[in-house]
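Going down the list, the sequences are from chains A and B.
What the first sequence shows, in the numbering used here, is residues 388 to 936, in sequence order.
What the second sequence shows, in the numbering used here, is residues 284 to 614, in sequence order.
Even for Gly, the Cβ is constructed at its ideal location relative to N, Cα and C.
What follows is one structure encoded as structure tokens, with my remarks underneath.
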Amino acid sequence: MSKYLPKQSELVKEFEEKPSVLKGDYEGREWWEMPFEFREGNFCFPAKPEVIKDLGFPNPRKWQPTDDDWKLPDGWQKILKDAMKERLKKYRSLKLYLDSCVRCGACADKCHFFLGTGDPKNMPVLRAELVRSVYRNDFPMVEKILKGFAGARKLDEKVLREWYMYFYQCTECRRCSVFCPMGIDTAEITIMVREILQLVGLNNNWILAPVSNCNRTGNHLGIEPHTFVQNIESLVDDIEDVTGVKVNPTFNRKGAEILFITPSGDVFGDPGVYTMMGYLLLFHHIGLDYTISTYASEGGNFGFFTSNDMMKKLNAKMYHEAKRLGVKWILGGECGHMWRVVHQYMDTMNGPADFLEEPVSPVTGTKFTNARATKMVHIAEFTADLIKNGKLRLDPKRNDHLRTTFHDSCNVARGMGMFEEPRYILNKVCNSFHEMPENTIREQTFCCGSGSGINAEEYMEMRMKGGFPRANAVRHVREKHKVDSLVTICAIDRASLPPLMRYWNPGVSVYGLHELVGNALVMDGEKKRTEDLREDPMAGFEDGEEDED
Amino acid sequence: MKKILMPVAAVALLALIPYVGVEYAGLSYLFGVVIPYSATLVLVAGFLFRMVDWLRRPVPFTIVSTTGQEKSLDWIRQDKIESPSKPWHAAVRVLSEVLLFRSLFRNNRAELRKGPDLAYGSHKWLWLGGLVFHWSLLVIVLRHSRFFFLEPGPFFQFLEQADSFLDVTVPAFFMTDALVLAALSFLVLRRIGDAKMRLLSLQTDYFPLFLITGIVVAGIAMRYFAKIDVMPVKDLALGYMKFSFSAPGDIGSLFYVHLFLICVLAVYFPFSKLVHMGAIFISPTRVQLNNSREKRHKNPWNKPIKFRTYAEYEDEYREKMKKANIPVEKE
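Below you can see the structure in the form of structure tokens.
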């Protein structure tokens, strides 16, 4: 695995032996006195100067968090403070959440990074307090009367380093906000802090490089149009090998009824590509009139992790392309952050999409009234509707070689509220589905530990720590129900959960929901299926045996 | 320890001020009239300022935390409270938070065990302690309204009877007095006893707890032990209702301790975390509707931005696209 990752036994030892506040150990020091340090494995590499320049962000330079000199611009305190003031004026959430936390501690043991590291500054209440303590210093009256009364701090370089460390140890998953009696969402604070850190040139390459690529080529991986098409065409060949069916996707086709947009991880990354094969099989099965765009070839929006403007800029392409192609509406693939942006921001930022029509399923006639304004439908909603109306021929036995559980991705769960559709589909396409323990699923789901742009190789140690609560819950169903397949509807999950499983739960593989749909679909003109889309043998469908159907 | 002792000392000092002031300097007019009016003014003006200050800031995006199934297909049951799509759903959501502490009821406790293994247990103590604390305070405040009216209405009489139905002492013992003290002790001990709480608590977390304890203890002492004459107290309270500035009658200095600490709380309120009382009604993640795909939400400062258009993209890749048989706009 990664050279930035200690052996499992070492990490287990750290979990079990290192004193931590999670285990009731209290050092007697105040939280702001507690040390932290940058070392290999706990930070992501900063963005390369050329990437920063390309995006027009400030202060491009070569530096490392382990350096003594971060080469900050002159007057960086003022830049940050002014930016904070501006955002306090623009967002009620930020102001309200800084003012009204009562430090009741309900959020304290809810963050996956706190549970995995035991580092108290990962308790959401203290993560926000990193900012709150500085914000409070802007009201110095109380502090002068009673020194230390409200825990105010000056914005010095140590505080800035803390911000950089801990706001990139937050995946904006919002689990804390579920338990907060005030509804305080630490993700809002993380979003703002990352946005202002950008202004003094503190960022990470794993976020900015994809953003730059996406801006230029249309997708995170920087894939140019012809390569994009070639890749999907090679998937078309793979589908033919496995099923004997030739699917026929089109690209940038004007006049198609539906534009399909999914994260580029589904086109290039393993195991995302199998999910892509599932989509292609499904669309072929129902004869959907759709097209895929090479220009708007990315659903995931890493701009969300840099600044509001950048998020808007990348997202704008979706509507722009839908308008150019003259489609009726947009269908969105399985993705977490993409759906957070589409659901919460897209129409506000880049709407109204009045050049599109209210989405109607061409197969069932169902009107997706819940997407009346954005004109963008989630593929799980679309497929669930197809199954409910009996439009798919499915043979769930074709997934009998898998024993599944379902991972709710945080953005779809807590940023959108989609829980039932994927479960409905999963129950229809496979026979073995077991839920993880109740405090770890649905609205209480745990992040994969690598969301919000910290899925970097060099961050592997932190990822394995942050993902531990998720892995631990999977282990429970693995032991109890022999689960070996973790199904999810998020492209980052498909990229980040496989190493997490290899590390904590070897033998558990990660699947996209529509990969299982693709396995189960009984296609017209198909050959006798003996293998699933991964070319793994399917149980009960071996060569020479009678098909049970 | 310092962060616990300092607030204790502060409250003790604050309690001493009116005692000395009235007992030895005869400043009953200052503590009975001037300060209460000033404190009320600060409370009302400060609280209104905070609310208006929050409300005039925009909520540019729909950022509701969805903790239940959204409204989607007809046959999928929407969780109307946890994923509201109509104003009344959100109203129920917020009120259930305000009245019943819904989110805290969900609370659990994570434990790291050997293995390593994480286990989660139900943990409703904070919910129970918080609920008892807030409800007892509310009942106590409402009970006090009898001082402010010549004829308290039937609701207040009922409240008083219900609160004292145990009827074990003379004067009748109020359950809420005991409950609020129990809840306060729990909330303080919880902050001290749990390592996480000890670390994250600041002086500003202990101070209001001790201040309220001081108020409650002074109140209980007056009612059951020192037995203050209530008639001049009632006269003073009725005077407040008429905005009268006449001097208070002869009341024991313990009363002024009680009153002064209340004034301190009132002044402290708008400038501290206690404003959560107002914030909870307008927290964006809770009050908003999860209908952002159904209905366009406006952002007052949404400015147009320049993005890379399809035309620019095609200009760069046209030849490659043509070779790959991807349709292009310009040949």
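- Three or more Cβ pairs drawn from the region 483 to 491 of chain A and the region 563 to 576 of chain A lie within less than 8 Å of each other, which places the two stretches in contact.
- Annotation: the continuous beta strand (DSSP E) that includes residue 402 of chain B extends over 400 to 405.
- Judged by beta-carbon spacing, residue 718 of chain A lies within the 8 Å limit of residue 766 of chain A, meaning their Cβ atoms are closer than that value.
- Not flagged as an interface residue toward chain A: residue 547 of chain B, since no C-beta distance is shorter than 8 Å.
- One Cα belongs to residue 497 of chain B, the other to residue 383 of chain B, and the distance between them is close to 26 Å.
- Burial state of residue 427 of chain B is exposed, judged by a 10 Å Cβ sphere holding fewer than 16 other Cβ atoms.
- For the set B/345, B/325 and B/317, the Cα lying nearest the Cα of residue 581 of chain B is the one of B/345.
- Residue 712 of chain A places its beta carbon 8 Å or farther from that of residue 758 of chain A.
- Within chain A, the C-beta atoms nearer than 7 Å to that of residue 600 of chain B come from 611 and 612, in chain order.
- Interface flag for residue 670 of chain A against chain B is unset, since no Cβ pair is found closer than 8 Å.
- The continuous alpha helix (DSSP H) containing residue 499 of chain A extends over residues 499 to 504.
- The distance from the Cβ of residue 572 of chain A to that of residue 348 of chain B is about 6 Å, consistent with a contact at the 8 Å cut-off.
- Cα atoms of residue 432 of chain A and residue 404 of chain A: separation of roughly 29 Å, rounded to the nearest angstrom.
- The Cβ atoms of residue 787 of chain A and residue 926 of chain A lie closer than 8 Å to each other.
- Annotated as distal: residue 587 of chain A and residue 481 of chain A, with beta-carbon spacing of 8 Å or more.
- Under a 10 Å Cβ-count criterion, residue 806 of chain A is classified as buried, with 16 or more other Cβ atoms of the shown protein chains found around its own Cβ.
- Residue 438 of chain A is a Cβ neighbour of residue 595 of chain A, given a cutoff of 8 Å.
- Short of 7 Å from the beta carbon of residue 517 of chain B, and not among the five residues preceding or following it, lie these beta carbons of its own chain, in chain order: 430.
- Along the region 490 to 507 of chain A, going in chain order, the ones with a CB nearer than 7 Å to a CB of chain B are 490, 491, 492, 493, 495, 496, 502 and 507.
- Beta-bridge pairing by DSSP links residue 717 of chain A to A/646 and A/763.
- Around residue 291 of chain B, the same chain offers 493 as residues with beta carbons nearer than 7 Å, after the five sequence neighbours per side are excluded.
- Contact annotation, residue 903 of chain A with residue 668 of chain A: C-beta distance approximately 11 Å; criterion of less than 8 Å not satisfied.
- Ranked by Cα distance from residue 905 of chain A, the first of A/580, A/730, A/686 and A/784 is A/784.
- At least one beta carbon of chain A lies nearer than 8 Å to the beta carbon of residue 590 of chain B.
- Within chain A, no C-beta atom comes less than 8 Å from the C-beta of residue 329 of chain B; the nearest is roughly 12 Å away.
- In terms of Cβ geometry, residue 409 of chain B and residue 390 of chain B form a close pair [threshold 8 Å].
- Residue 758 of chain A belongs to the set of residues whose beta carbon lies under 8 Å from a beta carbon in chain B.
- Considering only beta carbons, the part of the region 487 to 510 of chain B lying closer than 9 Å to chain A consists of 487, 488 and 490, in chain order.
- Under DSSP, residue 909 of chain A shares a beta bridge with no residue.
- Taken through DSSP and simplified to helix, strand or coil, residue 529 of chain B comes out as coil.
- Interface residue (Cβ-Cβ distance to chain A less than 8 Å): residue 386 of chain B is classified as such.
- Listed as beta-bridge partners of residue 319 of chain B by DSSP are no residues whatsoever.
- Against chain B, a Cβ distance below 8 Å from residue 605 of chain A picks out 596.
- Counting along the chain, residue 874 of chain A sits inside the beta strand (DSSP E) bounded by residues 872 to 875.
- Close partners of residue 352 of chain B in chain A (Cβ separation under 7 Å): 804, 806 and 807.
- Distance from the CA of residue 412 of chain A to the CA of residue 556 of chain A, rounded to the nearest whole angstrom, comes to 22 Å.
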